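Undergrad: The structure's right below; bear with me while I get my questions together.
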Amino acid sequence: MPQHVMGDKDFLSMQQLLFAGANPAMENGFDHTPPGSRASPGSLRSTALRPLDSRSWPLCEPQAEERGSLAVHKAQYVSAGQSTACGWRAFAPRCLQAFNTPKGFLFFLCAASFLQGMTVNGFINTVITSIERRFDLHSYQSGLIASSYDIAACLCLAFVSYFGGSGHKPRWLGRGVLVLGTGSLVFALPHFTAGRYEVEVDQGFGTCPANRSVACVDSASGLSGYRLVFMLGQFLHGMGATPLYTLGVTYLDENVKSSYSPVYIAVFYTAAILGPAAGYLVGGAMLNIYTEVGQRTELTTENPRWVGAWWIGFLGAGATSFLIAIPILGYPRQLPGSQRYMAMRAAETQQLSGQRPRAASNPAFGRTVRDLPLAIWLLLKNPTFILLCLAGATEATLIAAMSTFGPKFLEAQFSLSASEAATLFGYLVVPAGGGGTLLGGFMVNRFKLRGPGIIRLCLLCTLTSLLAFLVFLTHCPNVPMAGVTAGYSGSLLPEGHLNLTAPCNAGCRCRPEHYSPVCGSDGTTYHSPCHAGCPEAPGPGLGSPKVYRNCSCVPPSVSSGSGNATAGKCASTCQRKPLLLVLVFVVIIFTFLSSIPALTATLRCVCDRQRSFALGIQWIIVRTLGSIPGPIAFGWVIDKACLLRQNQCEQQGSCFVYQNAAMSRYMLIAGLTYKVLGFLFFATASFLYKAPSGSSDGLEAPLPSHSSASENPTEVQLQSDI
């Protein structure tokens, strides 16, 4: 951590002798005198070249002019009259300054990213099915709700990253968290304005004979309009999260040592990955609670008409966001002692076209709209940056598709409920996504990777996950379902041939609108008690599965002598479940393992003053080419594997049953396509990357801050503590 208070009295006395009548470098009660100085003329000359506090900098101007362009280059990072105290305007008590460190800021930034990931990538993906049922939405409408987040991010990224990059980053971040919390509250609003969720439960409805008919009422006209409210909530989520992954990353990179930056960013992104995992777990638990909390119902979680308490998580996330935004708004524009790191990072910056343009070196560059075309042109001329953006788009496509349809894949393959699938997927994402992200940052720091080495690490991770993606060559066989995957006599049905009517239920007059699966004693799932030929309705009861007896389509069992059926789908007996889970774990961990190295490579291949803007442009490319079309493309592919759809008033709705073999096959083709493209982009970026001028590997050795380090053990110790 940066050492803000140094007690080197010999150096302070020598500094006072050198600059007679000058005040020591003090600001807001903190001593920003550079550490590791020695009372010798050589060390004084070296110290004079280092960026000092804003008040002592004018004393060093003569020295900077004498030393030449290097000192002038460093001088541009110091802004006069800026406060580095932690607080809110005039209220900056001394007790708060203990948090005015990179670690303190990292803690609150991680809390914000954790909350954002839990809400947007966790809760949304978990409750989207429940929202479809509750508000009569079609799949394409729910897909548009999910995409509203990325659409808002694309519209705001250029503006936020361009102007926020030269502005007060913590204030931009704090206001973004406030907008994020507002979006969560708006998203939960329809639960309180749409009225109570009432489901008519008739014990005889759905059994044989089905004397009642289903009235075709356009219920969508009353509730489907709430999709606009959900889209508004997601739009606010996208606006609020935009500063987190652009300004938040660059603020961390500016205020820590260059070699430690990947570790800080890895911790930040790990929190962002653990957020969705927590969202899956918490959201899955909330779906086990009936949406009308406190109201008794005979519906079970396996019933297609069950709607869980999807809205609780959004209320909690909204309230927590307001609490997290308060401390973030109190941080200064620059943390104490950050000037030295800005100068040290300059040696790692790749020079565009051999030399940075004069305009980009101007401290005022990027503060007006007139500089925007030149800023974009400088990034477009950087082939490494463009290739890293394209590689990031391929990875983002897979991450977005996996997070959206991962629970659905597990639900179909293992015959699970929506709540069980979301919880199981959360258990996979916690160690794989979070561990992979954190490990990627530590590997960059541990092996001192620079430039092409970082990109080669991304290349290795992409190749490994590409091979692990072959997991989709295997699959779990479908649980037999009468009339869908198997005939009523036990024979197999040709693919795509649906026949729910058989002699055993011909007189029941069953209607396909009423989907209420039951599991027969023969291990076969039936569309409803009526399609199983069950004439008797079970007695009323809560908490225990309903058992239908004397079902004509279910072969009689040896124990009871009659065919019985239990409410709910039959459980899967797939023997390949452990292998599938292990290989899916490998795919996730190596996909996320390359995220921090790729981000670090992006920060190192652009000009220092363009880092925030470069991340903004990268996120626009990633979302436009990856996050937005990715779920839509994978959703279209998965829909091709649907065997049984909801049929209401001659209109097809969401899919009830998928063909597992086709789902795995389509996922394999789409996944391998994107993985191969990502591998080619990383390979080309590694080939085209150029080392920074003046150093073969971009290390910080030529910097004056490292001069005479070997001669002074104290300075070596201080440098190691940073």
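The opening residue of the sequence shown carries number 1 in this note's numbering; numbering runs sequentially from there.
The beta-carbon is built from N, C-alpha and C at its ideal position, and this holds for glycine as well.
None of these values were measured; they are calculated from a predicted model.
#1: For a test of the three-state rule: what should DSSP assign to Y515, helix, strand or coil?
#2: Once you ignore the five residues that flank L185 on each side, which residues in its own chain have a CB closer than 6 Å to its CB?
#3: Are the beta-carbon atoms belonging to C530 and N505 less than 8 Å from one another?
#4: How is R370 classed by DSSP in three states: helix, strand or coil?
#5: What number of angstroms, rounded off, separates the C-alpha of G313 from the C-alpha of Y488?
#6: So if DSSP puts T566 in a beta bridge, which residue, or which two residues, is it bridged to?
#7: Looking at the structure shown, is V657 part of a helix, part of a strand, or coil, going by DSSP?
#8: Figure out for me which residue from C607, L473, G630 has the closest Cα to the Cα of N660.
#9: Can you say whether L579 is buried or exposed, counting buried as having 16 or more other CB atoms within 10 angstroms of its CB?
#10: Does DSSP put A486 in a helix, in a strand, or in coil?
#11: DSSP state of T301, grouped into three classes?
#12: Give the secondary structure of G723 by DSSP, where H, G and I count as helix, E and B as strand, and everything else as coil.
#13: Check the C-beta distance from V267 over to L438 and give it rounded, since I have them as a contact under 8 Å.
#14: From the DSSP output, which residues share a beta bridge with T84?
#15: Could you give the distance in angstroms between the alpha-carbon of V678 and the alpha-carbon of L388?
#16: Rounding to the nearest angstrom, what Cα-Cα distance links R227 and K546 in this structure?
#17: State the DSSP-derived secondary structure class of F91, mapped to helix, strand or coil.
#18: Exposed or buried, which one is K103 when buried takes at least 16 other CB atoms within 10 Å?
#19: Use the C-beta contact count for I326: other C-beta atoms within 10 angstroms, 16 or more gives buried, fewer gives exposed.
#20: Buried or exposed for N499, going by 16 or more other Cβ atoms inside 10 Å?
#21: How many whole angstroms separate the CB atoms of Y658 and C642, which I take to be in contact at a CB cut-off of 8 Å?
#22: Rounding to the nearest angstrom, what Cα-Cα distance links P535 and G568 in this structure?
#23: Buried or exposed for S261, please, with buried defined as at least 16 other CB atoms from any protein chain shown within 10 angstroms of its CB.
#24: Could you check the C-alpha separation between K577 and V471 for me, to the nearest Å?
#25: Roughly how many angstroms separate the alpha carbons of N288 and T423, rounded to a whole number?
#26: In the region 555-625, which residue ranges form an unbroken alpha helix (DSSP H) of at least 4 residues, counting only runs that do not cross its ends?
#27: Take the Cβ of W88 as the centre, count every other Cβ of all protein chains shown within 10 Å, and call the residue buried at 16 or more, exposed below.
#28: Using the Cα positions of M14 and A391, report the straight-line distance between them to the nearest angstrom.
#29: Does the distance from the C-beta atom of G283 to that of T126 stay below 8 Å?
#30: Among A614, I596, V479, whose alpha-carbon lies nearest the alpha-carbon of P383?
#31: Where K169 and P517 are concerned, what is the direct C-alpha to C-alpha distance, given to the nearest angstrom?
#32: With a cut-off of 8 Å on the beta carbons, I'd call S612 and L335 a contact; round off their distance for me.
#33: Report the three-state DSSP secondary structure of C476 (helix, strand or coil).
#34: How would you label C607, buried or exposed, when you count the other beta carbons within 10 angstroms and need 16 or more for buried?
#35: For A95, count neighbouring Cβ atoms within 10 angstroms of its own Cβ and tell me buried if that reaches 16, exposed if not.
#36: CB-CB under 7 Å to S142, same chain, minus the five flanking residues each way: which ones, in chain order?
TA: On the basis of the coordinates in this document:
#1: By 1-based counting over the sequence shown, the position of residue 515 is 515. Three-state result, Y515: coil.
#2: Along the sequence shown, one-based indexing puts residue 185 at 185. These residues qualify, in order along the chain: G318.
#3: Residue 530 sits at position 530 when you count from the first residue of the sequence shown. Residue 505 sits at position 505 when you count from the first residue of the sequence shown. Taking the C-beta atoms as reference points, N505 is found nearer than 8 Å to C530.
#4: Along the sequence shown, one-based indexing puts residue 370 at 370. Assignment of R370 by DSSP, reduced to helix, strand and coil, places it in the helix class.
#5: Working through the sequence shown from its first residue, we reach residue 313 at position 313. Working through the sequence shown from its first residue, we reach residue 488 at position 488. For G313 and Y488, the distance between alpha carbons rounds to 43 Å.
#6: Reading the sequence shown from its first residue, position 566 is the one you call residue 566. Answer is C519, V547, bridged to T566.
#7: Position 657 of the sequence shown, counted from the start, is the residue given in the question as residue 657. In the structure shown, V657 falls within a strand segment according to DSSP collapsed to helix, strand and coil.
#8: Taking the first residue of the sequence shown as position 1, residue 660 is located at position 660. Of C607, L473, G630, the residue nearest in Cα terms is L473.
#9: Position 579 of the sequence shown holds residue 579. Result: exposed.
#10: Position 486 of the sequence shown, counting from 1, holds the residue named residue 486. When secondary structure is reduced to three states using DSSP, A486 falls in the strand class.
#11: In the sequence shown, the residue the question calls residue 301 occupies position 301. Correct three-state label for T301: coil.
#12: There is simply no residue 723 to check, as the chain begins at 1 and stops at 722 in what is shown.
#13: Walking along the sequence shown from the start, residue 267 turns up at place 267. Walking along the sequence shown from the start, residue 438 turns up at place 438. Confirmed, Cβ separation roughly 7 Å.
#14: As a working note, residue 84 is residue 84 in the sequence shown. Note: T84 is not bridge-paired with any residue in the DSSP secondary-structure output.
#15: Position 678 of the sequence shown, counted from the first residue, corresponds to residue 678. Position 388 of the sequence shown, counted from the first residue, corresponds to residue 388. According to the sequence displayed, residue 678 carries Gly and not Val. Computed Cα separation, rounded: 9 Å.
#16: The count along the sequence shown starts at 1 and reaches residue 227 at position 227. The count along the sequence shown starts at 1 and reaches residue 546 at position 546. Taking the straight line joining both Cα atoms gives about 35 Å.
#17: Here residue 91 refers to the residue found at position 91 when the sequence shown is read from its first residue. Here F91 carries a strand assignment [DSSP, helix/strand/coil].
#18: What you label residue 103 is simply residue 103 of the sequence shown in a count that begins at 1. Exposed is the call here.
#19: As a working note, residue 326 is residue 326 in the sequence shown. Burial call: exposed.
#20: As a first step, residue 499 is located in the sequence shown; it is residue number 499 there, counting from the start. By the neighbour-count rule (16 or more Cβ atoms within 10 Å), N499 is not buried but exposed.
#21: Counting from 1 along the sequence shown, the entry for residue 658 is found at position 658. Counting from 1 along the sequence shown, the entry for residue 642 is found at position 642. With a beta-carbon spacing of about 6 Å, Y658 and C642 fall inside the 8 Å limit used to define contacts.
#22: By 1-based counting over the sequence shown, the position of residue 535 is 535. By 1-based counting over the sequence shown, the position of residue 568 is 568. Those two C-alpha atoms are separated by around 17 Å.
#23: The residue labelled residue 261 in the question sits at position 261 within the sequence shown. It counts as buried.
#24: For the purposes of this step, residue 577 is identified with residue 577 of the sequence shown, where counting begins at 1. For the purposes of this step, residue 471 is identified with residue 471 of the sequence shown, where counting begins at 1. Going by the C-alpha atoms only, they are around 11 Å apart.
#25: The residue labelled residue 288 in the question sits at position 288 within the sequence shown. The residue labelled residue 423 in the question sits at position 423 within the sequence shown. Rounded to the nearest angstrom, the two C-alpha atoms are 11 Å apart.
#26: 577-593, 595-604, 611-622
#27: Reading the sequence shown from its first residue, position 88 is the one you call residue 88. Looking at its Cβ environment, which holds fewer than 16 other Cβ atoms inside 10 Å, W88 is exposed.
#28: Numbered from its first residue, the sequence shown carries residue 14 at position 14. Numbered from its first residue, the sequence shown carries residue 391 at position 391. Note on M14: pLDDT 38, under 50, position unreliable in the model; no value is reported.
#29: Numbered from its first residue, the sequence shown carries residue 283 at position 283. Numbered from its first residue, the sequence shown carries residue 126 at position 126. Against a cut-off of 8 Å, the Cβ pair of T126 and G283 comes out as a contact.
#30: Locating residue 383 in the sequence shown gives position 383, counting from the first residue. If you compare the alpha carbons of A614, I596, V479 with that of P383, the shortest gap goes to A614.
#31: In the sequence shown, counting from the first residue as 1, residue 169 sits at position 169. In the sequence shown, counting from the first residue as 1, residue 517 sits at position 517. K169 and P517: Cα-Cα distance of roughly 54 Å.
#32: The count along the sequence shown starts at 1 and reaches residue 612 at position 612. The count along the sequence shown starts at 1 and reaches residue 335 at position 335. Actually they are not in contact, since the Cβ atoms of S612 and L335 sit about 16 Å apart, beyond 8 Å.
#33: Along the sequence shown, one-based indexing puts residue 476 at 476. The answer is coil: DSSP assigns C476 none of H, G, I, E or B.
#34: As a working mapping, residue 607 is identified with position 607 in the sequence shown. When all chains shown are included, C607 counts as buried.
#35: As a position in the sequence shown, residue 95 is number 95, starting the count at 1. Just to set this straight, residue 95 is Cys in the shown sequence, not Ala. Classification of C95: exposed, given that the 10 Å Cβ count is below 16.
#36: Walking along the sequence shown from the start, residue 142 turns up at place 142. So the qualifying residues of the chain are I128, I131, E132.
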